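**Q** Each step along the sequence shown adds one to the number in full-length UniProt numbering, with nothing skipped, and position 215 is 215. Here a beta-carbon is modelled for each residue, glycine too, at the ideal position from N, C-alpha and C. Here the structure is a predicted model, which means the values were calculated and not measured. If you scroll down you'll find the structure; I have some questions about it.
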Amino acid sequence: MMTSPAAAVAIFIALGAIAATAGFNVTTISFDEGYAPLFGERNIVRSPDGRAVQILLNLYSGSGFISSDLYYHGLFSASIKLPSDYTAGVVVAFYMSNGDIFEKNHDELDFEFLGNIRGKEWRIQTNVYGNGSTSRGREERYLLPFNPTVEAHRYSILWTNSTIIFYIDEIPIREVVRSGAMDGDFPSKPMSLYATIWDASTWATSGGRYKVDYKYAPFVSDFSDLVLHGCRLDPIQQLPAAEQCREAEAEIAAADFSLLSPEKRDAMLRFRRQYMTYTFCYDELRYPVPFPDCNIIESEKEKFQNSGHLRSPPRAAARRQRPRRRTRGRSRVDAKQQADA
1 MMTSPAAAVA IFIALGAIAA TAGFNVTTIS FDEGYAPLFG ERNIVRSPDG
51 RAVQILLNLY SGSGFISSDL YYHGLFSASI KLPSDYTAGV VVAFYMSNGD
101 IFEKNHDELD FEFLGNIRGK EWRIQTNVYG NGSTSRGREE RYLLPFNPTV
151 EAHRYSILWT NSTIIFYIDE IPIREVVRSG AMDGDFPSKP MSLYATIWDA
201 STWATSGGRY KVDYKYAPFV SDFSDLVLHG CRLDPIQQLP AAEQCREAEA
251 EIAAADFSLL SPEKRDAMLR FRRQYMTYTF CYDELRYPVP FPDCNIIESE
301 KEKFQNSGHL RSPPRAAARR QRPRRRTRGR SRVDAKQQAD A
């Protein structure tokens, strides 16, 4: 049975009430305190107080920013509002990576937001890579029980030595536990934080069927409530990361966001039952042999095709009707000119 938009929002509010009882006690920072432009600097617009920032994609470039420091474990989050209207081919990403340092064996933790044609919902993708395991992407996709273009929602990544948890509005939606089965696929090296918006016309919407249409540009994504609550590494020190971060690790381990109470775990399972539309664990076409760290549940597996996609996708939250705006003449763009994240 499909969940109605109103019921979906009600469910998420109820789950949020559980998570909010012990809200994350972390300090937000200004953009300049923790971040610097990465590319497309002209398309990065800071708020007057410096505590929020917009990143834009237009005919000339995408844009993005990067943390000023490397981090080894912690909680990293931002409140994000996504572009509205026609957003096919547009990707907004909030992620951790060390690909600029470890070119062939990098680690990565992703929130990727995939745009869509008018009237269709944004989709969210999470992914986990460790030690260059790009051919073994642990991807999951979800719909949302709210419209992410109407107001900002908080997206958080918790990364510790033993677990990774993805949160939306303090509700856990995915947990990855370090195990012997994952071996080196669990991220283990210091990473930077990134936020980008870019043209992914070749794959992001229906496998590249729908491209970015620049008559709807600029595409604007808002970031606020920036949190870099982790162990900031001093590259000058010769001590291993684990030694530099011993005190910070203990503080993070004791924090409420590192512990999944039975109530939070139930909330996570309910979210996944309602809104997960793809999981690598059931993708037999891409991975004929399931990953050893997958927990295969036969009753759950029956809901998914052998491609890993849900047989009957849930209905996303209803969108507010917006007046159709005037459009300019269609622009011609060479995709090679678009900045890439």
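Whole angstroms is fine: what's the gap from residue 306's alpha carbon to residue 281's?
**A** Counting from 1 along the sequence shown, the entry for residue 306 is found at position 306. Counting from 1 along the sequence shown, the entry for residue 281 is found at position 281. Near 10 Å, if we compare the C-alpha coordinates of residue 281 and residue 306.
**Q** Which word fits residue 83, buried or exposed, when buried means at least 16 other C-beta atoms lie within 10 angstroms of its C-beta?
**A** Taking the sequence shown and counting its residues from 1, the one referred to as residue 83 is at position 83. Buried.
**Q** Using a Cβ-Cβ cut-off of 6 Å (strictly less than) and excluding sequence neighbours within five positions of residue 309, which residues of its own chain qualify?
**A** Translated into positions along the sequence shown, residue 309 becomes position 309. Result list for residue 309: 278, in chain order.
**Q** Would you list, in sequence order, the uninterrupted beta strand (DSSP E) runs of no fewer than 3 residues that lie entirely inside the region 165-216?
**A** The DSSP assignment places complete beta strand (DSSP E) segments of no fewer than 3 residues inside the region 165-216 at 171-177, 192-199, in order along the chain.
**Q** Among residues of its own chain, excluding the 5 on either side of residue 300, which ones have a beta-carbon nearer than 6 Å to its beta-carbon?
**A** Your numbering for residue 300 matches position 300 in the sequence shown. Cβ neighbours of residue 300 beyond the five flanking positions: none.
**Q** Specify the secondary structure class of residue 53 as computed by DSSP and reduced to three states.
**A** Along the sequence shown, read from residue 1 onward, the residue named residue 53 stands at position 53. Note: residue 53 maps to strand in three-state DSSP.
**Q** How should residue 331 be labelled, buried or exposed, when 16 other C-beta atoms within 10 angstroms of its C-beta is the threshold for buried?
**A** As a working note, residue 331 is residue 331 in the sequence shown. At residue 331, the pLDDT of 34 sits below 50, so the modelled position is not reliable; the number obtained from the coordinates is stated separately. Exposed, because fewer than 16 other Cβ atoms sit within 10 Å of the Cβ of residue 331.
**Q** Which residue wins for smallest C-alpha separation from residue 37, given the options 67, 160, 228?
**A** To locate residue 37, count along the sequence shown from 1; it is residue 37. For residue 37, the closest C-alpha among the options 67, 160, 228 is that of 67.
**Q** Take the Cβ of residue 70 as the centre, count every other Cβ of all protein chains shown within 10 Å, and call the residue buried at 16 or more, exposed below.
**A** Here residue 70 refers to the residue found at position 70 of the sequence shown. The residue in question, residue 70, is buried, as its Cβ has 16 or more Cβ neighbours within 10 Å.
**Q** Determine, using beta-carbon pairs with one atom in the region 180-193 and one in the region 126-144, whether at least three such pairs fall under 8 Å.
**A** yes
**Q** So is residue 173 buried or exposed if we call it buried at 16+ other beta carbons inside 10 Å?
**A** The count along the sequence shown starts at 1 and reaches residue 173 at position 173. Buried is the call here.
**Q** So, residue 77 versus residue 51, is the Cβ gap smaller than 7 Å?
**A** As a position in the sequence shown, residue 77 is number 77, starting the count at 1. As a position in the sequence shown, residue 51 is number 51, starting the count at 1. Cβ distance not < 7 Å, so residue 77 and residue 51 don't count as in contact.
**Q** Got a sec, what are the start and stop residues for the alpha helix (DSSP H) residue 271 sits in?
**A** The residue you call residue 271 lines up with position 271 of the sequence shown. Segment 262-275, the alpha helix (DSSP H) holding residue 271.
**Q** Does the structure place the region 141-151 close enough to the region 111-123 that three or more beta carbon pairs sit under 8 Å?
**A** yes
**Q** Among 85, 101, 81, which has the Cα closest to the Cα of residue 92?
**A** Stepping through the sequence shown from its first residue, residue 92 is reached at position 92. The shortest Cα separation from residue 92 among 85, 101, 81 belongs to 81.
**Q** Give me, in chain order, the residues of the same chain whose beta-carbon lies closer than 6 Å to that of residue 46; leave out the 5 immediate sequence neighbours on both sides.
**A** Numbered from its first residue, the sequence shown carries residue 46 at position 46. Excluding sequence neighbours, residue 46 sits near 31, 53.
**Q** To the nearest whole angstrom, what separates the beta carbons of residue 72 and residue 235, a pair I think is in contact under 8 Å?
**A** Locating residue 72 in the sequence shown gives position 72, where the first residue counts as 1. Locating residue 235 in the sequence shown gives position 235, where the first residue counts as 1. Not really, about 11 Å apart at Cβ, beyond 8 Å.
**Q** Three-state secondary structure (DSSP) at residue 303?
**A** Locating residue 303 in the sequence shown gives position 303, where the first residue counts as 1. Coil at residue 303, not helix or strand.
**Q** I need the DSSP call for residue 90, collapsed to helix, strand or coil.
**A** Translated into the one-based positions of the sequence shown, residue 90 becomes position 90. It is a strand residue.
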